[in-house]
Amino acid sequence: MGAAPQITPTERVAEFRRTFARAEAEVGKVIVGHQDVIRKTLTALFAGGHVLIEGVPGLGKTLMCKTASDALGLSFKRIQFTPDLMPSDIVGTQVLTEADGRREFHFKPGPIFAHVVLGDEINRATPKTQSAVLEAMEERQVTVFGMTYPLEPPFMVLATQNPIELEGTYPLPEAQMDRFLFKVVMGSPKPEELREILNRTTGATTHTAQPIFPVASAPVAIEQLKALVREVMVAEPLERYVIGIIGACTPNGPGAIPEVSQYLRFGPSPRGAQALILCSKVNALLDGRVSVSYDDVADAVVPALRHRLLRNFQAEAENVSTDSILDQATKRLKKPRA
Amino acid sequence: MINPVEQIAAARRRLKQVAALRAGLTLALPALTALVLAATLDAIGEATWERAGYALTPARLGGLRTALALAGVVALAGCALMAWRAWREADDFIEAAELVDDAVGGHQEIVTLASLADPAEPPAQRELRTPLFPLLWRRASGYLERFDPNGAFAFEVRRPLVRSLPIAAAMVVLLAAVALALVRPPSAEQVQARKLRAAAQQLASSPSSADKDLAAKILAAADALENPKLPPPEKLARLAEAMSELQKHEQQGSSPQQSAKNTSGSGNGKNNSGKGAGQGNGQSQDSGNGQGKSQGQGQGANQGNNPNGPKGKEQIVELQNDLSKAQAQVESGAESKNNAPKPGHGDQGNALKPGSNPNKSGGAQKPDAMAQGNIPLPRPDASAKGQLPAGGTKGGKNDKGGHGDTHLGEFPVAENFPRFYKPGEGPAIEIHDARYVLFRLPTEVVSASGGKLVPDTNRPTASVPYANVPLKAERLDATPQERQLVPPRYRDLIH
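The listed protein sequences correspond, in order, to chains P and A. Using the numbering used here, the first residue of the first sequence is number 1, and each one after it goes up by one. Using the numbering used here, the first residue of the second sequence is number 339, and each one after it goes up by one.
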């Protein structure tokens, strides 16, 4: 039995780029436009994070999530969050079964047990139900009746929420928002994109994404790629730059810009810095590099931090978005050598 | 394959040099400006404030020069300090890598490599390397293959110099402002001291040690003359010292050549010819006979006595004159100070001050004995004595000293004294209730060859006719219709 062929770093990086490009292409077969959302979603997947997708109904959020999981050959579950949804409906419950005259409780896994879990309209469920996802998102395990059940990697939660129709909704608590690697905003399609959507969805032919990995080996392959992301190197000046961004966005923190002190109540947590670095690493690999650059970080700032900033009353009254504050912070914080 | 770490190290060395030079140059121009200004302060003064009639006292000039030189030295020290600091601050491997990264467009791959391969970092830093590090090394090598640190980080001389230009300009402006604040119109003593200094400098350039000693004495006298803190007696003492030194110098120069006097008596000593005549005959206005003869003899004597030739003699005489003037100014200044109605009254400076009446007899109005005695009077030696003109003042070229009392007293002047006192010079004169004023009229100038009248157009002449005779009695009571009877330059003498 011969030794497995040694894969060089160059080949690993090339494989990552190839896989990512194929996944994007496969999702793009189904989803028209929204390349940025697709890229960010896949980035979060390879970075090991979760994504909160915000957009009005009918933009294809659910379809995009489903297509992404199909393209990667991962299992997919969808949970429609409603006010009467119970935590056990998500994580599973113990059910009493009878076999051979004996009655036993058996754990019946909920829909959280999948590689890709879509929490549709997550803000419609009660906080109690929403919190049921917390442990799963962070610990990648669920605990039911004292028993802990690990979730099979790769595990990813894609949650959607509707920015309108806020009647009867429960805005996600800060702790839960912080657990999402990205928050991406899905905008309305452009006219030409809409025309393409009509052609694809109302014609006789249907478009489906083909899995780029065999279903059996997909999780392992993706985990290897995730490990590659972790190997990307970050120079000390880049780390200082990321720390500087976090500081600039923290009210009353060191280096906080005036807009931050004026409009924010809370800034990003250390998870925000982690998200920046991880996303930057994926960006670096996508560019064929094995080290992070300033541009990689700058590209990740808005999606990785926008949901981690807590606006104050004045910002809401003046309709100052977190995106604009982050833009200001990024501009003010010059890159050390840019 | 190129070793990227070595390339980054080479770039760091280059960056240190560039940083040191750039930082040093920031203050180089101000330092250079200050030193140049200090060195050329005299020339600047001559071209600016002295041309405008102002002067800086030597103490202030020296202070200003010292301040400028000090500023220059401090700026130079600042240059060195800044260069050293820049050198030390540029000694950063990661920072050098960042600059290299920018230069080659390495997307921070060079920086990342440097942060993981910094030779100064402990080996623990290498644990941060991942399996992708070899790929990073190869990519960095690729970037640095054609990288030349010397070309990428060129010495930029222009920018730091331009940056330092405002500082240098500010220095010049500051000097101008300080000079404006310090310059004053020169007093008569200052003017005299300056003349003495100039003469002393000429003497000092001579190889003779005697000349140098004399120059030192004269310089000391000039310094004393300009020193406002020195009391007048002290000043006079210094001037007397210089005068006696000058006399000694003159005697030393003349004694070895006594024997040559008679033999060279018939030489061409035109410029010195008037001295003997003027000295010998002060009172007469007659045009004496035998002037040509005596002149020629006198010239010869003088010529023969002068060890340095006519030019050196002139220089000595000039020096004597200057010293005498200085003495007179000191005396008049002291006198006017004593007689001034109030100290600090606004009649200081060049204006005439009330003093003792020169018409009164008495020694007080005479110049002091020392000053008088120091005037070098050409004394023909024994063999030439009989050839002196008996009384013909016309026999000399310049016989100004021979006209006797002119209400100015017997002021000590050399025969060659070229002009009368100006207001502010000489002993104070007070003329009260004068019915008339007798002015000494310039005499005609007779050339040395004799017989030919040469009008001196440069002499001061009156713009309106006037006579040196008493006014008629009937006109005394009459309202004067002509107000220009007295030449304007003499009006201040009459109160």
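No residue lacks a Cβ here, since even glycine has one placed at the ideal position from N, Cα and C.
**Asked** Can you tell me where the beta strand (DSSP E) with A159 (chain P) in it begins and where it stops?
**Response** Indexing the first sequence from 1 puts residue 159 (chain P) at position 159. Where A159 (chain P) is concerned, the enclosing beta strand (DSSP E) stretches over 156-161.
**Message:** Just to confirm, is the Cβ distance from I164 (chain P) to V37 (chain P) under 8 Å?
**Reply:** One-based indexing of the first sequence puts residue 164 (chain P) at position 164. One-based indexing of the first sequence puts residue 37 (chain P) at position 37. In this structure, V37 (chain P) does not lie closer than 8 Å to I164 (chain P) by Cβ.
**Request:** Whole angstroms is fine: what's the gap from L225 (chain P)'s alpha carbon to F46 (chain P)'s?
**Result:** On the first sequence, residue 225 (chain P) is found 225 positions in, with the first residue counted as 1. On the first sequence, residue 46 (chain P) is found 46 positions in, with the first residue counted as 1. Rounded to the nearest angstrom, the gap between the Cα atoms of L225 (chain P) and F46 (chain P) is 7 Å.
**Prompt:** What residues in the segment 447-459 of chain A bring their beta carbon closer than 7 Å to a beta carbon of chain P?
**Reply:** Among the residues of the segment 447-459 of chain A, those with a Cβ less than 7 Å away from any Cβ of chain P are E447, V449, T450, S453, L454, in the order of the chain.
**Message:** Quick check on this structure: which residue in P:M156, P:A329, P:T205, P:K281 has the alpha carbon closest to the alpha carbon of P251 (chain P)?
**Reply:** In the first sequence, the residue the question calls residue 251 (chain P) occupies position 251. When only C-alpha atoms are compared, the closest one is P:A329.
**Request:** Note down, in chain order, each residue of its chain lying with its Cβ closer than 6 Å to the Cβ of A441 (chain A), except the 5 sequence neighbours on either side.
**Result:** If you number the second sequence from 1, residue 441 (chain A) lands on position 103. Same-chain partners within the cutoff: A490.
**Spatially closest choice to E24 (chain P) from P:E196, P:P237, P:L72, by CA coordinates** = As a first step, residue 24 (chain P) must be located in the first sequence, where it is residue number 24. Out of P:E196, P:P237, P:L72, P:L72 has the C-alpha closest to the C-alpha of E24 (chain P).
**Asked** Shorter than 8 Å from the beta carbon of V10 (chain P) to some beta carbon of chain A?
**Response** Stepping through the first sequence from its first residue, residue 10 (chain P) is reached at position 10. A quick correction: the sequence has Thr, not Val, at residue 10 (chain P). So, interface residue.
**Asked** Between which two residues does the alpha helix (DSSP H) harbouring K555 (chain A) extend?
**Response** Taking the first residue of the second sequence as 1, we reach residue 555 (chain A) at position 217. Where K555 (chain A) is concerned, the enclosing alpha helix (DSSP H) stretches over 547-564.
**Asked** So the alpha helix (DSSP H) R535 (chain A) belongs to, where does it begin and stop?
**Response** Position 197 of the second sequence, counted from the start, is the residue given in the question as residue 535 (chain A). First-last of the alpha helix (DSSP H) with R535 (chain A): 526-542.
**Spatial neighbours of M339 (chain A) in its chain, beta-carbon cut-off 8 Å, leaving aside the 5 residues before and after** = Residue 339 (chain A) sits at position 1 when you count from the first residue of the second sequence. Hits under 8 Å: R476, S479.
**Prompt:** Would you call the CB atoms of L563 (chain A) and Q590 (chain A) closer than 8 Å?
**Reply:** Walking along the second sequence from the start, residue 563 (chain A) turns up at place 225. Walking along the second sequence from the start, residue 590 (chain A) turns up at place 252. At least 8 Å separates the beta-carbon of L563 (chain A) from that of Q590 (chain A).
**Message:** Would the segment 95-105 of chain P count as touching the segment 66-82 of chain P if we require 3 or more Cβ pairs under 8 Å?
**Reply:** no
**Asked** Is A44 (chain P) near L181 (chain P), with beta carbons less than 8 Å apart?
**Response** Translated into the one-based positions of the first sequence, residue 44 (chain P) becomes position 44. Translated into the one-based positions of the first sequence, residue 181 (chain P) becomes position 181. A contact, by the Cβ cut-off of 8 Å.
**Request:** Kindly list the residues whose CB is nearer than 7 Å to the CB of V449 (chain A), restricted to its own chain and excluding five residues on each side of it in sequence; keep chain order.
**Result:** To locate residue 449 (chain A), count along the second sequence from 1; it is residue 111. Excluding positions up to five away in sequence, the list reads I432, A435, E436, D439.
**Request:** Please list the residues of the segment 419-437 of chain A that have a C-beta atom closer than 9 Å to any C-beta atom in chain P, keeping them in chain order.
**Result:** I432, E433, A435, E436, L437
**Cβ-Cβ separation, V91 (chain P) to L132 (chain P) (assumed contact under 8 Å), whole Å** = By 1-based counting over the first sequence, the position of residue 132 (chain P) is 132. By 1-based counting over the first sequence, the position of residue 91 (chain P) is 91. Correcting the residue type first, residue 132 (chain P) is Ala in the shown sequence and not Leu. Yes, they are in contact, since the Cβ atoms of A132 (chain P) and V91 (chain P) sit about 6 Å apart, within 8 Å.
**Request:** Please classify G28 (chain P): does DSSP put it in a helix, a strand, or coil?
**Result:** Against the first sequence, residue 28 (chain P) aligns to sequence position 28. Looking at G28 (chain P) - three-state DSSP - the assignment turns out to be helix.
**Asked** For V116 (chain P), which option in P:L52, P:R102, P:A99 has the closest C-alpha, if you only look at C-alpha atoms?
**Response** Here residue 116 (chain P) refers to the residue found at position 116 when the first sequence is read from its first residue. Comparing Cα positions, the closest option is P:L52.
**Request:** Report yes or no: is there a C-beta of chain P within less than 8 Å of the C-beta of P472 (chain A)?
**Result:** Residue 472 (chain A) sits at position 134 when you count from the first residue of the second sequence. It does; some Cβ of chain P falls within 8 Å.
**Asked** beta strand (DSSP E) containing E152 (chain P): first to last residue?
**Response** Taking the first sequence and counting its residues from 1, the one referred to as residue 152 (chain P) is at position 152. No beta strand (DSSP E) holds E152 (chain P); DSSP gives it neither H nor E.
**Asked** Does A235 (chain P) get closer than 8 Å to chain A when you measure Cβ to Cβ?
**Response** As a first step, residue 235 (chain P) must be located in the first sequence, where it is residue number 235. Closer than 8 Å to some Cβ of chain A, the Cβ of A235 (chain P) qualifies, so yes.
**Request:** Identify every run of the alpha helix (DSSP H) within the segment 99-154 of chain P, keeping only runs that are complete inside it and at least 4 residues long; order them along the chain.
**Result:** DSSP runs (the alpha helix (DSSP H)) wholly in the segment 99-154 of chain P: 127-139.
**Request:** Could you name the residues of chain P that P469 (chain A) contacts, counting a contact when the two beta carbons are closer than 7 Å?
**Result:** Counting from 1 along the second sequence, the entry for residue 469 (chain A) is found at position 131. Result: P9, E231.
**Residues near A458 (chain A) in its chain [Cβ-Cβ closer than 7 Å; skip 5 each side]** = The count along the second sequence starts at 1 and reaches residue 458 (chain A) at position 120. Within the same chain, A458 (chain A) has close Cβ partners F431.
**Request:** Taking all protein chains shown into account, decide if A99 (chain P) is buried (16 or more other Cβ within 10 angstroms of its Cβ) or exposed.
**Result:** On the first sequence, position 99 is the one that residue 99 (chain P) refers to. Note on A99 (chain P): under 16 other CB atoms within 10 angstroms of its CB, so exposed under the neighbour-count rule.
**Prompt:** Just by C-beta distance, which residues in the segment 290-307 of chain P are closer than 9 Å to chain A?
**Reply:** V290, S291, V292, S293, Y294, D295, D296
**Asked** Which word fits N123 (chain P), buried or exposed, when buried means at least 16 other C-beta atoms lie within 10 angstroms of its C-beta?
**Response** One-based indexing of the first sequence puts residue 123 (chain P) at position 123. Under this definition N123 (chain P) is a buried residue.
**Asked** For F266 (chain P), which residues does DSSP report across the bridge?
**Response** The residue you call residue 266 (chain P) lines up with position 266 of the first sequence. Beta-bridge partners assigned by DSSP to F266 (chain P): P:L310.
**Request:** Indicate whether at least one CB of chain A lies closer than 8 Å to the CB of L238 (chain P).
**Result:** For this step, residue 238 (chain P) is matched to residue 238 along the first sequence. At least one chain A Cβ lies under 8 Å of L238 (chain P).
**Message:** Assuming C279 (chain P) and L158 (chain P) are in contact, meaning their beta carbons sit under 8 Å apart, how far apart are those beta carbons, in whole angstroms?
**Reply:** Looking up residue 279 (chain P) in the first sequence gives position 279. Looking up residue 158 (chain P) in the first sequence gives position 158. Incorrect: roughly 16 Å between the Cβ atoms, too far for contact.
**Message:** Within 8 Å, do at least three Cβ pairs link the segment 105-113 of chain P to the segment 130-147 of chain P?
**Reply:** Verdict: yes, contact present.
**Request:** Return the Cβ separation of L367 (chain A) and A506 (chain A) in integer angstroms, given the expectation that the two are a contact with Cβ distance under 8 Å.
**Result:** For the purposes of this step, residue 367 (chain A) is taken as residue 29 along the second sequence, with counting starting at 1. For the purposes of this step, residue 506 (chain A) is taken as residue 168 along the second sequence, with counting starting at 1. So it is a contact: roughly 5 Å between Cβ atoms.
**Message:** According to DSSP, simplified to helix, strand and coil, what is K40 (chain P)?
**Reply:** Here the question's residue 40 (chain P) lines up with position 40 in the first sequence. In the structure shown, K40 (chain P) sits in a helix (DSSP, three-state: H, G or I).
**Asked** Would L577 (chain A) pass as a contact of A517 (chain A) if the rule is Cβ separation under 8 Å?
**Response** For the purposes of this step, residue 577 (chain A) is identified with residue 239 of the second sequence, where counting begins at 1. For the purposes of this step, residue 517 (chain A) is identified with residue 179 of the second sequence, where counting begins at 1. No, Cβ-Cβ distance for L577 (chain A) and A517 (chain A) is not below 8 Å.
**Request:** Could you check what DSSP says for G400 (chain A) in three-state terms: helix, strand or coil?
**Result:** Start at 1 with the first residue of the second sequence, and residue 400 (chain A) comes out as number 62. Note: G400 (chain A) maps to helix in three-state DSSP.
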